[in-house]
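Written below as structure tokens is the structure these notes are about.
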Amino acid sequence: MEKPHISGTSRFILAMIFASQMWIGSSLATELLMLEQKGCAWCVRWHQEIGEAYPNTDQGKLAPLRRVDIHEWPDDLDHIARERVTPTFVLISNNREIARLRGYPGDHFFWPMLDEMLSQLPND
Numbered sequence: 001m002e003k004p005h006i007s008g009t010s011r012f013i014l015a016m017i018f019a020s021q022m023w024i025g026s027s028l029a030t031e032l033l034m035l036e037q038k039g040c041a042w043c044v045r046w047h048q049e050i051g052e053a054y055p056n057t058d059q060g061k062l063a064p065l066r067r068v069d070i071h072e073w074p075d076d077l078d079h080i081a082r083e084r085v086t087p088t089f090v091l092i093s094n095n096r097e098i099a100r101l102r103g104y105p106g107d108h109f110f111w112p113m114l115d116e117m118l119s120q121l122p123n124d
């Protein structure tokens with residue numbers, strides 16, 4: 001089978017799209033922030049029960065997980081309210097907070113609560 005031919009113009013356009021996505025980074029992406037801290041037993045439990053599977057789920061593909069230590073707050077999240085309760089899950093889209101879940105309610109309740117959060121995403 002012959003490989004499809006991609007013109008120079010098409011390659012340039014694809015390269016520009018890729019570069020713009022790399023430059024924009026997560027500022028326009030939908031992400032699920034997991035606010036955590038060292039010594040958080042419920043954070044450890046979340047990682048044991050959900051963490052490994054999360055990236056492979058529909059939810060994880062729609063809102064990839066970004067772990068944030070509440071004691072080392074990243075500059076790009078200055079517009080997101082800080083939290084003392086861990087874990088806290090913050091759904092952000094287009095650099096805006098959409099929903100927040102304080103605490104980890106266990107694996108049976110986490111998924112429906114996350115689905116409710118995701119249902120609040122704008123339909124852009």
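Numbering (the UniProt record's numbering), first residue to last: 1 to 124.
Here a beta-carbon is modelled for each residue, glycine too, at the ideal position from N, C-alpha and C.
Since the model is a prediction, treat every value here as computed from it, not as a measurement.
Considering just the uninterrupted stretch of the alpha helix (DSSP H) at residue i, what are its terminal residues?
i   : result
A41 : A41 to W46
Using 7 Å as the cut-off, classify the Cβ of residue i as near or not near the heavy atoms of the ligand NAD, replying yes or no.
i   : result
R96 : This structure simply doesn't include the ligand NAD, nor any ligand for that matter.
If we cut at 8 Å on Cβ distances, does residue i have a partner in chain D?
i   : result
E72 : Note that chain D does not occur in the displayed structure, where there is just one protein chain.
Can the beta-carbon of residue i be found less than 8 Å from the beta-carbon of residue j?
i    : j   : result
E36  : D69 : yes
L118 : L62 : yes
R66  : E31 : yes
D107 : E49 : yes
From which residue to which residue does the beta strand (DSSP E) around residue i run?
i   : result
L35 : E31 to E36
Let's test the definition: count the other Cβ atoms within 10 Å of the Cβ of residue i and tell me whether it reaches 16, buried, or not, exposed.
i    : result
T88  : buried
V90  : buried
T57  : exposed
W111 : exposed
Q120 : exposed
E83  : buried
Quick one: measure Cβ to Cβ for residue i and residue j, integer angstroms, because I've assumed they're closer than 8 Å.
i    : j    : result
I92  : I80  : 7 Å
M113 : P105 : 6 Å
In chain order, which continuous runs of the alpha helix (DSSP H) of length 4 or greater are located wholly inside the region 56 to 87?
58 to 62
Whole runs of the beta strand (DSSP E) within the region 87 to 112, excluding any shorter than 3 residues
88 to 93 and 96 to 102
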